[in-house]
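Enquirer:
Residue numbers (the working numbering): 14 to 447.
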(Lines of atoms letter the chains of each structure in order from A and count residues from 1; the text may use other names and numbers.)
(Lines give C-alpha, C1' and ligand atoms only; values in the text may rest on other atoms or scores of the structure.)
Protein backbone atom coordinates (compact mmCIF):
# COMPACT_ATOMS: atom_id res chain seq x y z
CA UNK A 1 0.00 0.00 0.00
CA UNK A 2 1.35 3.44 -0.92
CA UNK A 3 1.94 5.47 2.21
CA UNK A 4 0.83 9.07 2.55
CA UNK A 5 3.26 11.67 3.82
CA UNK A 6 2.93 12.56 7.49
CA UNK A 7 5.34 15.14 8.85
CA UNK A 8 3.99 14.58 12.35
CA UNK A 9 4.95 10.88 12.40
CA UNK A 10 7.42 9.89 15.12
CA UNK A 11 10.98 8.79 14.41
CA UNK A 12 11.76 6.16 17.04
CA UNK A 13 15.20 4.53 17.09
CA UNK A 14 17.67 2.94 19.43
CA UNK A 15 20.35 5.18 20.87
CA UNK A 16 22.83 2.69 19.45
CA UNK A 17 21.76 3.77 15.96
CA UNK A 18 22.24 7.41 16.90
CA UNK A 19 25.81 6.63 17.98
CA UNK A 20 26.51 4.21 15.12
CA UNK A 21 29.39 4.87 12.73
CA UNK A 22 28.24 6.09 9.34
CA UNK A 23 28.26 9.00 6.94
CA UNK A 24 25.30 9.95 4.77
CA UNK A 25 24.33 13.03 2.80
CA UNK A 26 21.50 15.15 4.16
CA UNK A 27 19.06 13.67 1.61
CA UNK A 28 20.12 10.10 2.44
CA UNK A 29 19.64 10.78 6.15
CA UNK A 30 16.17 12.18 5.56
CA UNK A 31 15.14 9.11 3.54
CA UNK A 32 16.22 6.89 6.44
CA UNK A 33 14.26 8.98 8.95
CA UNK A 34 11.16 8.99 6.74
CA UNK A 35 11.31 5.19 6.58
CA UNK A 36 11.80 4.91 10.34
CA UNK A 37 8.75 7.09 10.90
CA UNK A 38 6.66 4.52 8.99
CA UNK A 39 7.48 1.69 11.41
CA UNK A 40 4.58 0.83 13.69
CA UNK A 41 5.06 0.21 17.39
CA UNK A 42 3.92 -3.43 17.19
CA UNK A 43 5.81 -4.34 14.00
CA UNK A 44 7.88 -7.50 14.44
CA UNK A 45 9.47 -7.35 10.99
CA UNK A 46 10.28 -4.74 8.37
CA UNK A 47 7.75 -4.08 5.63
CA UNK A 48 8.03 -2.85 2.06
CA UNK A 49 7.35 0.86 2.44
CA UNK A 50 5.84 2.30 -0.74
CA UNK A 51 5.87 5.98 -1.68
CA UNK A 52 4.91 8.07 -4.66
CA UNK A 53 8.21 9.34 -6.03
CA UNK A 54 6.71 12.79 -6.52
CA UNK A 55 5.59 13.00 -2.87
CA UNK A 56 8.93 11.77 -1.60
CA UNK A 57 10.80 14.29 -3.74
CA UNK A 58 8.62 17.12 -2.45
CA UNK A 59 9.14 16.04 1.15
CA UNK A 60 12.91 16.09 0.58
CA UNK A 61 12.71 19.49 -1.07
CA UNK A 62 14.16 18.20 -4.35
CA UNK A 63 14.15 20.88 -7.04
CA UNK A 64 15.12 18.67 -9.97
CA UNK A 65 13.55 18.16 -13.37
CA UNK A 66 13.89 14.40 -13.01
CA UNK A 67 13.64 13.35 -9.34
CA UNK A 68 13.79 9.68 -10.40
CA UNK A 69 17.48 9.98 -11.31
CA UNK A 70 18.39 11.70 -8.04
CA UNK A 71 16.27 9.37 -5.90
CA UNK A 72 17.74 6.30 -7.58
CA UNK A 73 21.24 7.53 -6.75
CA UNK A 74 20.22 8.11 -3.12
CA UNK A 75 18.64 4.68 -2.65
CA UNK A 76 21.56 3.00 -4.40
CA UNK A 77 23.89 4.66 -1.90
CA UNK A 78 21.73 3.45 0.98
CA UNK A 79 22.14 -0.11 -0.31
CA UNK A 80 25.92 0.20 -0.66
CA UNK A 81 26.96 2.58 2.13
CA UNK A 82 27.60 0.69 5.38
CA UNK A 83 26.94 1.57 8.97
CA UNK A 84 28.71 -0.04 11.88
CA UNK A 85 27.26 -0.56 15.34
CA UNK A 86 27.69 -2.72 18.39
CA UNK A 87 25.20 -5.33 19.60
CA UNK A 88 26.16 -5.85 23.26
CA UNK A 89 23.48 -8.52 23.79
CA UNK A 90 25.34 -10.83 21.42
CA UNK A 91 28.76 -9.30 21.93
CA UNK A 92 28.91 -8.43 18.22
CA UNK A 93 30.14 -5.64 16.03
CA UNK A 94 27.82 -5.47 13.03
CA UNK A 95 28.33 -3.90 9.63
CA UNK A 96 25.18 -3.55 7.57
CA UNK A 97 23.61 -1.68 4.69
CA UNK A 98 20.67 0.63 5.33
CA UNK A 99 18.38 -0.84 2.69
CA UNK A 100 18.08 -4.40 1.47
CA UNK A 101 16.19 -3.34 -1.66
CA UNK A 102 14.65 -0.47 -3.60
CA UNK A 103 12.08 -1.26 -6.30
CA UNK A 104 10.86 1.37 -8.74
CA UNK A 105 7.55 0.92 -10.55
CA UNK A 106 8.30 3.58 -13.11
CA UNK A 107 4.97 3.35 -14.88
CA UNK A 108 3.13 3.99 -11.62
CA UNK A 109 5.64 6.48 -10.21
CA UNK A 110 6.07 4.41 -7.05
CA UNK A 111 9.16 3.31 -5.14
CA UNK A 112 9.21 0.49 -2.59
CA UNK A 113 11.95 0.51 0.05
CA UNK A 114 12.88 -2.06 2.68
CA UNK A 115 15.34 -1.90 5.58
CA UNK A 116 18.17 -4.40 5.88
CA UNK A 117 17.14 -7.15 8.38
CA UNK A 118 20.29 -6.59 10.45
CA UNK A 119 18.82 -3.27 11.60
CA UNK A 120 15.95 -4.94 13.50
CA UNK A 121 17.57 -4.57 16.97
CA UNK A 122 17.88 -0.84 16.34
CA UNK A 123 14.36 -0.13 15.10
CA UNK A 124 11.85 -2.83 16.11
CA UNK A 125 10.18 -3.66 19.43
CA UNK A 126 12.18 -1.09 21.36
CA UNK A 127 11.40 -1.15 25.07
CA UNK A 128 14.12 1.11 26.41
CA UNK A 129 17.25 3.03 25.45
CA UNK A 130 15.61 4.75 22.51
CA UNK A 131 14.99 8.30 21.33
CA UNK A 132 11.94 9.67 19.57
CA UNK A 133 11.05 12.94 17.91
CA UNK A 134 8.69 14.26 15.28
CA UNK A 135 9.78 13.79 11.65
CA UNK A 136 9.27 17.44 10.71
CA UNK A 137 11.98 18.44 13.20
CA UNK A 138 14.74 17.14 10.94
CA UNK A 139 13.15 17.75 7.53
CA UNK A 140 13.88 21.46 7.94
CA UNK A 141 17.64 20.94 8.22
CA UNK A 142 20.01 21.63 5.34
CA UNK A 143 23.42 20.90 6.83
CA UNK A 144 24.92 17.41 6.53
CA UNK A 145 25.81 17.24 10.23
CA UNK A 146 22.76 18.98 11.67
CA UNK A 147 20.64 15.83 11.99
CA UNK A 148 23.45 13.94 13.71
CA UNK A 149 24.00 16.65 16.34
CA UNK A 150 20.25 17.14 16.75
CA UNK A 151 19.96 13.44 17.56
CA UNK A 152 23.01 13.52 19.84
CA UNK A 153 21.36 16.25 21.88
CA UNK A 154 17.95 14.52 22.02
CA UNK A 155 19.54 11.22 22.96
CA UNK A 156 21.79 12.50 25.75
CA UNK A 157 19.21 14.90 27.18
CA UNK A 158 16.74 11.99 27.22
CA UNK A 159 19.25 10.07 29.34
CA UNK A 160 19.60 13.11 31.64
CA UNK A 161 23.12 13.76 30.36
CA UNK A 162 23.69 17.42 29.64
CA UNK A 163 27.39 17.07 29.02
CA UNK A 164 29.42 14.49 27.11
CA UNK A 165 33.03 14.25 25.96
CA UNK A 166 34.04 12.67 22.67
CA UNK A 167 37.64 11.98 21.76
CA UNK A 168 38.42 13.20 18.24
CA UNK A 169 39.02 9.60 17.21
CA UNK A 170 35.57 8.55 18.46
CA UNK A 171 33.87 11.60 16.97
CA UNK A 172 35.54 11.03 13.59
CA UNK A 173 34.39 7.37 13.63
CA UNK A 174 30.78 8.21 14.52
CA UNK A 175 30.57 10.90 11.81
CA UNK A 176 32.22 8.60 9.26
CA UNK A 177 35.13 10.96 8.64
CA UNK A 178 38.40 9.76 7.16
CA UNK A 179 41.43 9.81 9.44
CA UNK A 180 43.15 12.49 7.39
CA UNK A 181 39.99 14.58 6.96
CA UNK A 182 39.94 17.99 8.63
CA UNK A 183 43.60 17.78 9.62
CA UNK A 184 43.23 21.29 11.01
CA UNK A 185 40.60 21.38 13.76
CA UNK A 186 39.59 24.88 12.69
CA UNK A 187 38.28 23.41 9.42
CA UNK A 188 36.15 20.88 11.33
CA UNK A 189 34.85 23.70 13.49
CA UNK A 190 33.96 25.93 10.53
CA UNK A 191 32.49 23.23 8.27
CA UNK A 192 30.80 20.86 10.71
CA UNK A 193 30.51 21.98 14.33
CA UNK A 194 29.50 25.61 13.98
CA UNK A 195 27.10 25.24 11.02
CA UNK A 196 25.31 22.42 12.87
CA UNK A 197 25.22 24.30 16.18
CA UNK A 198 23.84 27.47 14.59
CA UNK A 199 21.28 25.64 12.47
CA UNK A 200 19.96 23.77 15.51
CA UNK A 201 19.69 27.03 17.42
CA UNK A 202 18.09 28.76 14.46
CA UNK A 203 15.47 26.14 13.69
CA UNK A 204 14.72 24.44 17.00
CA UNK A 205 15.65 27.04 19.60
CA UNK A 206 17.81 24.41 21.35
CA UNK A 207 21.40 23.58 20.55
CA UNK A 208 24.72 22.95 22.24
CA UNK A 209 27.96 24.61 23.12
CA UNK A 210 31.34 22.97 22.84
CA UNK A 211 34.89 23.43 23.97
CA UNK A 212 38.12 21.74 22.90
CA UNK A 213 40.12 19.65 25.33
CA UNK A 214 43.86 19.86 24.77
CA UNK A 215 46.64 17.48 25.67
CA UNK A 216 48.67 19.39 28.21
CA UNK A 217 48.95 23.13 28.37
CA UNK A 218 48.97 24.52 24.86
CA UNK A 219 48.96 21.01 23.40
CA UNK A 220 46.99 19.64 20.48
CA UNK A 221 43.23 19.12 20.69
CA UNK A 222 42.40 15.50 21.57
CA UNK A 223 38.72 15.69 22.61
CA UNK A 224 35.63 17.88 22.47
CA UNK A 225 33.27 18.55 25.39
CA UNK A 226 29.63 19.11 24.37
CA UNK A 227 27.15 20.87 26.67
CA UNK A 228 23.57 20.43 25.49
CA UNK A 229 20.77 22.93 26.07
CA UNK A 230 18.16 21.57 28.46
CA UNK A 231 14.47 21.23 27.57
CA UNK A 232 13.28 23.82 30.05
CA UNK A 233 9.89 24.62 28.49
CA UNK A 234 6.73 22.70 29.31
CA UNK A 235 5.40 22.61 25.78
CA UNK A 236 4.92 19.18 24.19
CA UNK A 237 8.23 18.84 22.34
CA UNK A 238 6.91 16.79 19.46
CA UNK A 239 4.21 19.26 18.51
CA UNK A 240 5.88 22.57 19.25
CA UNK A 241 6.65 24.59 16.12
CA UNK A 242 9.40 27.16 16.01
CA UNK A 243 7.77 30.61 15.77
CA UNK A 244 8.75 32.87 12.94
CA UNK A 245 10.84 35.82 14.09
CA UNK A 246 9.38 39.28 13.81
CA UNK A 247 11.45 42.20 12.70
CA UNK A 248 12.04 44.17 15.88
CA UNK A 249 14.96 45.76 17.61
CA UNK A 250 16.30 43.37 20.29
CA UNK A 251 16.06 44.57 23.84
CA UNK A 252 19.79 44.76 24.48
CA UNK A 253 21.07 47.68 26.48
CA UNK A 254 24.41 49.36 26.13
CA UNK A 255 24.99 48.45 22.46
CA UNK A 256 25.96 51.11 19.90
CA UNK A 257 23.43 52.12 17.25
CA UNK A 258 25.48 50.41 14.52
CA UNK A 259 25.19 47.04 16.28
CA UNK A 260 21.45 47.55 16.71
CA UNK A 261 21.29 48.20 12.96
CA UNK A 262 23.08 44.93 12.22
CA UNK A 263 20.74 43.06 14.57
CA UNK A 264 17.72 44.49 12.77
CA UNK A 265 19.13 43.38 9.41
CA UNK A 266 19.79 39.87 10.75
CA UNK A 267 16.24 39.63 12.09
CA UNK A 268 14.89 40.82 8.76
CA UNK A 269 16.64 37.89 7.08
CA UNK A 270 14.87 35.41 9.38
CA UNK A 271 17.57 34.98 12.01
CA UNK A 272 16.14 34.53 15.50
CA UNK A 273 16.93 37.09 18.17
CA UNK A 274 19.08 34.65 20.16
CA UNK A 275 21.17 33.55 17.17
CA UNK A 276 21.49 37.13 15.90
CA UNK A 277 22.96 38.31 19.17
CA UNK A 278 25.34 35.36 19.23
CA UNK A 279 26.50 36.24 15.71
CA UNK A 280 27.15 39.82 16.79
CA UNK A 281 29.27 38.55 19.68
CA UNK A 282 31.28 36.13 17.53
CA UNK A 283 31.87 38.12 14.33
CA UNK A 284 33.15 41.58 13.49
CA UNK A 285 30.78 44.21 12.16
CA UNK A 286 32.54 44.18 8.78
CA UNK A 287 32.27 40.38 8.53
CA UNK A 288 28.56 40.52 9.35
CA UNK A 289 27.87 43.34 6.90
CA UNK A 290 29.66 41.50 4.07
CA UNK A 291 27.62 38.34 4.78
CA UNK A 292 24.38 40.35 4.95
CA UNK A 293 25.22 42.12 1.68
CA UNK A 294 25.98 38.79 -0.02
CA UNK A 295 22.66 37.39 1.19
CA UNK A 296 20.71 40.42 -0.03
CA UNK A 297 22.37 40.17 -3.44
CA UNK A 298 21.02 36.68 -4.01
CA UNK A 299 17.74 36.15 -5.84
CA UNK A 300 15.13 33.44 -5.23
CA UNK A 301 16.66 32.37 -1.92
CA UNK A 302 14.38 29.90 -0.16
CA UNK A 303 16.35 30.10 3.07
CA UNK A 304 18.13 33.44 3.50
CA UNK A 305 19.03 32.61 7.11
CA UNK A 306 20.73 29.38 6.06
CA UNK A 307 22.63 31.17 3.29
CA UNK A 308 23.81 33.82 5.75
CA UNK A 309 25.11 31.17 8.16
CA UNK A 310 27.01 29.50 5.31
CA UNK A 311 28.47 32.85 4.27
CA UNK A 312 29.64 33.61 7.81
CA UNK A 313 31.32 30.22 8.09
CA UNK A 314 33.05 30.49 4.74
CA UNK A 315 30.89 27.80 3.08
CA UNK A 316 29.22 30.12 0.55
CA UNK A 317 30.29 29.94 -3.06
CA UNK A 318 29.19 32.28 -5.83
CA UNK A 319 27.74 29.89 -8.38
CA UNK A 320 28.42 32.20 -11.33
CA UNK A 321 32.00 32.77 -10.26
CA UNK A 322 32.43 29.05 -9.64
CA UNK A 323 31.06 28.32 -13.12
CA UNK A 324 33.45 30.84 -14.67
CA UNK A 325 36.35 29.32 -12.71
CA UNK A 326 35.28 25.87 -13.82
CA UNK A 327 35.14 26.95 -17.48
CA UNK A 328 38.52 28.65 -17.16
CA UNK A 329 39.98 25.51 -15.62
CA UNK A 330 38.51 23.34 -18.36
CA UNK A 331 39.92 25.67 -21.02
CA UNK A 332 43.30 25.62 -19.32
CA UNK A 333 43.28 21.83 -19.20
CA UNK A 334 42.26 21.70 -22.88
CA UNK A 335 44.99 24.18 -23.83
CA UNK A 336 47.55 22.20 -21.85
CA UNK A 337 46.55 18.98 -23.61
CA UNK A 338 46.76 20.64 -27.02
CA UNK A 339 50.19 22.05 -26.18
CA UNK A 340 51.41 18.64 -25.02
CA UNK A 341 50.05 17.00 -28.18
CA UNK A 342 51.85 19.60 -30.28
CA UNK A 343 55.09 18.90 -28.40
CA UNK A 344 54.65 15.16 -28.99
CA UNK A 345 54.02 15.81 -32.67
CA UNK A 346 57.19 17.92 -32.95
CA UNK A 347 59.15 15.32 -30.99
CA UNK A 348 58.04 12.54 -33.33
CA UNK A 349 59.00 14.63 -36.34
CA UNK A 350 62.48 15.12 -34.89
CA UNK A 351 62.68 11.38 -34.16
CA UNK A 352 61.75 10.59 -37.76
CA UNK A 353 64.43 12.98 -39.05
CA UNK A 354 66.92 11.55 -36.55
CA UNK A 355 66.32 7.98 -37.72
CA UNK A 356 66.43 8.97 -41.38
CA UNK A 357 69.79 10.73 -40.91
CA UNK A 358 71.16 7.70 -39.07
CA UNK A 359 69.85 5.38 -41.81
CA UNK A 360 71.39 7.52 -44.55
CA UNK A 361 74.79 7.44 -42.87
CA UNK A 362 74.59 3.69 -42.41
CA UNK A 363 73.40 3.20 -46.01
CA UNK A 364 76.47 4.93 -47.36
CA UNK A 365 78.68 2.36 -45.60
CA UNK A 366 76.88 -0.66 -47.07
CA UNK A 367 78.78 -2.58 -49.80
CA UNK A 368 77.38 -2.20 -53.32
CA UNK A 369 76.63 -5.95 -53.76
CA UNK A 370 74.43 -5.92 -50.64
CA UNK A 371 72.63 -2.81 -51.84
CA UNK A 372 71.96 -4.53 -55.17
CA UNK A 373 70.65 -7.58 -53.33
CA UNK A 374 68.26 -5.40 -51.29
CA UNK A 375 67.10 -3.60 -54.42
CA UNK A 376 66.26 -6.95 -56.04
CA UNK A 377 64.38 -8.10 -52.94
CA UNK A 378 62.50 -4.81 -52.79
CA UNK A 379 61.48 -4.96 -56.46
CA UNK A 380 60.01 -8.44 -55.96
CA UNK A 381 57.61 -6.94 -53.42
CA UNK A 382 56.40 -4.22 -55.80
CA UNK A 383 53.63 -4.34 -58.44
CA UNK A 384 54.77 -5.30 -61.93
CA UNK A 385 54.29 -1.79 -63.28
CA UNK A 386 56.86 -0.44 -60.82
CA UNK A 387 59.44 -3.10 -61.60
CA UNK A 388 60.18 -1.35 -64.93
CA UNK A 389 62.12 1.26 -63.00
CA UNK A 390 65.40 -0.58 -62.63
CA UNK A 391 67.22 2.37 -61.10
CA UNK A 392 66.17 2.91 -57.51
CA UNK A 393 67.99 4.57 -54.63
CA UNK A 394 67.74 5.64 -51.03
CA UNK A 395 65.79 8.78 -51.94
CA UNK A 396 62.83 6.59 -52.94
CA UNK A 397 60.47 6.66 -49.86
CA UNK A 398 59.33 3.05 -50.32
CA UNK A 399 62.83 1.67 -50.77
CA UNK A 400 64.13 3.83 -47.92
CA UNK A 401 61.49 2.37 -45.58
CA UNK A 402 62.46 -1.14 -46.78
CA UNK A 403 66.14 -0.47 -46.11
CA UNK A 404 65.48 1.03 -42.65
CA UNK A 405 63.88 -2.24 -41.62
CA UNK A 406 67.14 -3.99 -42.47
CA UNK A 407 69.41 -1.56 -40.61
CA UNK A 408 70.14 -1.47 -36.90
CA UNK A 409 68.89 2.04 -36.08
CA UNK A 410 68.50 3.93 -32.75
CA UNK A 411 65.38 2.96 -30.78
CA UNK A 412 62.82 5.42 -29.51
CA UNK A 413 64.08 5.07 -25.94
CA UNK A 414 67.63 5.91 -27.12
CA UNK A 415 66.34 9.04 -28.78
CA UNK A 416 64.29 10.10 -25.73
CA UNK A 417 67.28 9.61 -23.44
CA UNK A 418 69.41 11.69 -25.77
CA UNK A 419 66.74 14.40 -25.77
CA UNK A 420 66.30 14.20 -22.00
CA UNK A 421 62.56 13.56 -22.41
CA UNK A 422 60.20 11.14 -20.67
CA UNK A 423 56.87 10.32 -22.30
CA UNK A 424 53.87 9.71 -20.07
CA UNK A 425 51.49 6.88 -20.89
CA UNK A 426 48.94 9.28 -22.33
CA UNK A 427 51.62 10.91 -24.52
CA UNK A 428 52.73 7.51 -25.83
CA UNK A 429 49.13 6.88 -26.86
CA UNK A 430 49.12 10.18 -28.78
CA UNK A 431 52.49 9.22 -30.33
CA UNK A 432 51.07 5.97 -31.66
CA UNK A 433 48.03 7.78 -33.06
CA UNK A 434 50.16 10.21 -35.10
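Each residue gets a CB set at the ideal place from its N, CA and C atoms; glycine is no exception. The model shown is predicted, which means the values in this text are computed figures rather than measured ones.
At the level of alpha carbons, what is the spacing between residue 284 and residue 349?
Expert: Cα-Cα distance, rounded: 47 Å.
Enquirer: Just the C-alpha distance for residue 436 and residue 429, rounded to the nearest angstrom, thanks.
Expert: Roughly 8 Å between the two C-alpha positions.
Enquirer: Taking Cβ positions, are residue 426 and residue 353 nearer each other than 8 Å?
Expert: No, the Cβ-Cβ distance between residue 426 and residue 353 is not below 8 Å.
Enquirer: Under the DSSP definition of a beta bridge, which residues are partnered with residue 144?
Expert: According to DSSP, residue 144 bridges with 26.
Enquirer: Going by DSSP in three states, residue 168 sits in which element: helix, strand or coil?
Expert: Here residue 168 sits in helix by DSSP.
Enquirer: With DSSP run on the structure shown, which of helix, strand or coil describes residue 79?
Expert: Coil, per DSSP.
Enquirer: For residue 431, which option in 392, 108, 360 has the closest C-alpha, if you only look at C-alpha atoms?
Expert: Cα-wise, what sits closest to residue 431 is 360.
Enquirer: Sort 304, 276, 305 by Cα distance to residue 293 and report the nearest one.
Expert: Nearest C-alpha to residue 293: 276.
Enquirer: Using the C-alpha atoms, what's the distance from residue 120 back to residue 213?
Expert: Going from the Cα of residue 213 to the Cα of residue 120 covers about 40 Å.
Enquirer: Are the beta-carbon atoms of residue 96 and residue 34 separated by less than 8 Å?
Expert: Closer than 8 Å, so yes.
Enquirer: State the Cα-Cα distance for the pair residue 140 and residue 308, rounded to the nearest angstrom.
Expert: If I take the Cα positions, the gap works out to 47 Å.
Enquirer: Here's the rule I'm using: 16 or more other beta-carbon atoms within 10 Å means buried, otherwise exposed. How should residue 259 be labelled?
Expert: Low confidence applies to residue 259: its pLDDT is 38, below 50, so where it sits in the model is not reliable, and the reading given next is rough at best. Burial call: exposed.
Enquirer: With distances taken between CB atoms, is the gap from residue 113 to residue 98 smaller than 8 Å?
Expert: Not in contact: residue 113 and residue 98 (Cβ atoms no closer than 8 Å).
Enquirer: What's the C-alpha gap between residue 22 and residue 54?
Expert: Using only the alpha carbons, I get a separation of about 12 Å.
Enquirer: For a test of your reading of the model: does the CB of residue 199 fall under 7 Å from any non-hydrogen atom of the ligand MG? Yes or no.
Expert: With respect to the ligand MG, the structure shown offers nothing to examine, as it has no ligands at all.
Enquirer: Measuring alpha carbon to alpha carbon, tell me which of 48, 84, 56, 52 ends up nearest residue 67.
Expert: When each option's Cα is compared against that of residue 67, the closest is 84.
Enquirer: How many angstroms separate the CA atom of residue 274 from the CA atom of residue 302?
Expert: Approximately 10 Å, taken between the alpha carbons.
Enquirer: For the segment 270–348, which segments carrying the alpha helix (DSSP H) assignment without a break, of at least 4 residues, lie completely within its bounds, in sequence order?
Expert: For the segment 270–348, whole alpha helix (DSSP H) runs of length 4 or above, ordered along the chain, are 270–281, 286–295, 298–310, 317–325.
Enquirer: Keeping to the same chain, check which residues put their C-beta closer than 8 Å to that of residue 210; ignore five residues upstream and five downstream.
Expert: These residues qualify, in order along the chain: 162, 220, 221, 222, 223.
Enquirer: Does residue 376 come out as helix, strand or coil in the three-state DSSP assignment?
Expert: Correct three-state label for residue 376: helix.
Enquirer: Looking at residue 444: is its Cβ nearer than 8 Å to the Cβ of residue 357?
Expert: In contact: residue 444 and residue 357 (Cβ atoms closer than 8 Å).
Enquirer: Going by beta carbon distance, what residues of the same chain come within less than 6 Å of residue 305, once the five residues before and after it are set aside?
Expert: Cβ within range, chain order: 278.
Enquirer: Determine the DSSP secondary structure at residue 46, reduced to helix, strand or coil.
Expert: Here residue 46 sits in helix by DSSP.
Enquirer: By the three-class DSSP mapping on this structure, what secondary structure does residue 352 have?
Expert: Three-state DSSP puts residue 352 in a helix.
Enquirer: Is the beta carbon of residue 44 sitting closer than 8 Å to the one on residue 24?
Expert: Not closer than 8 Å, so no.
Enquirer: Please report the Cβ distance between residue 234 and residue 198, rounded to the nearest whole angstrom; I am assuming they are in contact, meaning their Cβ atoms lie under 8 Å.
Expert: Confirmed, Cβ separation roughly 5 Å.
Enquirer: Rank 377, 395, 422, 394 by C-alpha distance to the C-alpha of residue 408 and give the top, closest one.
Expert: Closest option to residue 408, Cα to Cα, is 377.
Enquirer: Buried or exposed: residue 20, going by 16 or more other Cβ atoms within 10 Å of its Cβ?
Expert: It is exposed - the Cβ of residue 20 has fewer than 16 other Cβ atoms within 10 Å.
Enquirer: Taking just the CA atoms, how far does residue 100 sit from residue 137?
Expert: The alpha-carbon atoms of residue 137 and residue 100 are separated by roughly 14 Å.
Enquirer: Under a three-way DSSP split, which group does residue 111 fall into?
Expert: Of the three classes helix, strand and coil, the one that applies to residue 111 here is coil, per DSSP.
Enquirer: Count the other CB atoms, across all protein chains shown, that sit within 10 Å of the CB of residue 447; report buried if there are 16 or more and exposed otherwise.
Expert: Exposed.
Enquirer: Reducing DSSP to helix, strand and coil, say where residue 188 ends up.
Expert: Reduced to three states, the DSSP call for residue 188 is coil.
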